[in-house]
């Protein structure tokens with residue numbers, strides 16, 4: 849049981865690092881584009897990211913209570 853927890857912890861840690869790297873690359877590209885076009889483009893992006901993170905952490909039910 850403990851071995852499974854450690855394994856899944858390592859798995860999620862590695863996945864998190866990979867996703868974080870991809871996200872940071874994508875974010876830097878988006879920042880560069882929005883600097884050239886319109887800085888307001890960043891606001892909906894960060895809103896979506898915040899919603900996505902809160903769904904990942906808490907599930908969808910707390911989010912539905914807001915509406």
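Numbering (our numbering), first residue to last: 849 to 915. The C-beta atom is built at its ideal place from N, Cα and C for all residues, glycine as well.
Beta-carbon within less than 6 Å of residue i's beta-carbon, same chain only, minus the 5 sequence neighbours each way: which residues are those?
i	result
residue 865	none
Among the options, which one has its Cα closest to the Cα of residue i?
i	options	result
residue 876	898, 858, 893 and 862	893
residue 901	868, 874, 873 and 880	868
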